[in-house]
Each structure stands twice: as C-alpha cells, then as structure tokens.
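Residue numbering for the sequence shown follows the UniProt record's numbering, starting at 1 and increasing by one per position.
Glycine is no exception: its CB is placed at the ideal position from the N, C-alpha and C atoms.
Predicted model only: the values in this text are computed from it and were never measured.
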Amino acid sequence: MKALIVSDNHGDQKILRDIQDKFAKQVDVLIHCGDSELPNDSAEMTDFQAVKGNNDWGLNYPSQLSLTVKGTKFLVVHGDHDQVNYSLTPLMLKAQSLGAQVVCYGHTHQLAVSMDAGTLFINPGSISLPRGEYSRIGGTFAIVEVTKKQFIVDYYNRNCSPISELHFEFNRS
C-alpha cells in the first residue's frame, strides 16, 4: 500500500496538479494535511483525503480524519490543535486511542518522520513554503509504502523527484 502525503501548499494550485498528474495512479491514497486554501470541491482537491488547516478559513474540511486504506489505519490532522510545534505526545495519545498505524500532520512547514510505539509519524513539510533544515529544497511531499514488515518513506521535491538523502525505512513491530 502506498500513500502520498502533502501539506501546506497555501493556494498553490499548480503544484497539486503536477503531483497528481505524476503520482495519482501510482499510489492508493492522496492525503492532504491542511492549509490548501482551496475549496474541497476544487479540481485540485477532489481526489485528496484532506483536513482543515489554520489558514483554511470558511472551507468545509474536517479537523481530523481517520481512514483505513488496504488494512492500514491513518490519522490525518493539520497539527495546530495538537501542539505539534512542541511535542508529538498529544498526537501519539490520539493515535493510540484510535488504533492508528500512520499519523500524518503538517502545520510546522518542516518535514519530519519518526516511529514511536509502533506508529509512524510523518510531516511531509510544506510543498510551497518550507521552513527549517530542508527549506533549501524548496518544498517537499512524501510517499509512504506500507509493507507487512516495514514503513518505507521517501521525500520528493517540487519537481516530483526523490531526494536520496531523505529515504527512511522503519521496521514494524
């Protein structure tokens, strides 16, 4: 099972079209972690499972989403209500209560990936307004492959090219 995860495009429609044109048929689900600033019925957003970000004023997205794709349970949030700037503990507790195996979040505009208590936590970074150590890349999104034994995470740049230094493999417990 493969999931493409993107966040924080902040109105940039073209990048979402580019990503979908390249990857929509290669993945099982498209996930958007909020701050699209686009209506959920826009052509760029209709194929995404998306949540509301703190800049999605007046848009009709849920604040969190729990979905199961080919046996893998995802929790999707933006993160602004979950204190992700300070700690992942609130998200970890929420994931445990929901039985989520993969937690997707955005908000910080900084890519991050970690494994804790058998759960994968992934922030794809901002595709349009990146911050932090990898901001030099100019924006990122991620593809997670879930196998019986591993979570395999690859980050991509705005040209839809993989970033070799941002390849991660985590053994599932």
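1) One question on the structure: do M1 and V69 come within less than 8 Å of each other, judged by their Cβ atoms?
2) Within 10 angstroms of its Cβ, does A100 collect 16 or more other Cβ (buried), or is it exposed?
3) In or out: Y134 buried (at least 16 other Cβ within 10 Å) or exposed?
4) Could you tell me which of N123, G71 and F74 sits nearest to S87, measuring between CA atoms?
5) Quick one: using the 10 Å Cβ neighbour count with 16 as the cut-off for buried, is E169 buried or exposed?
6) What residue range is occupied by the uninterrupted beta strand (DSSP E) comprising A43?
7) Flag this pair as touching only if the segment 26 to 45 and the segment 57 to 65 have three or more C-beta atom pairs under 8 Å; answer yes or no.
Considering the structure as presented:
1) yes
2) buried
3) buried
4) N123
5) exposed
6) Where A43 is concerned, there is no enclosing beta strand (DSSP E), given that its DSSP letter is neither H nor E.
7) yes
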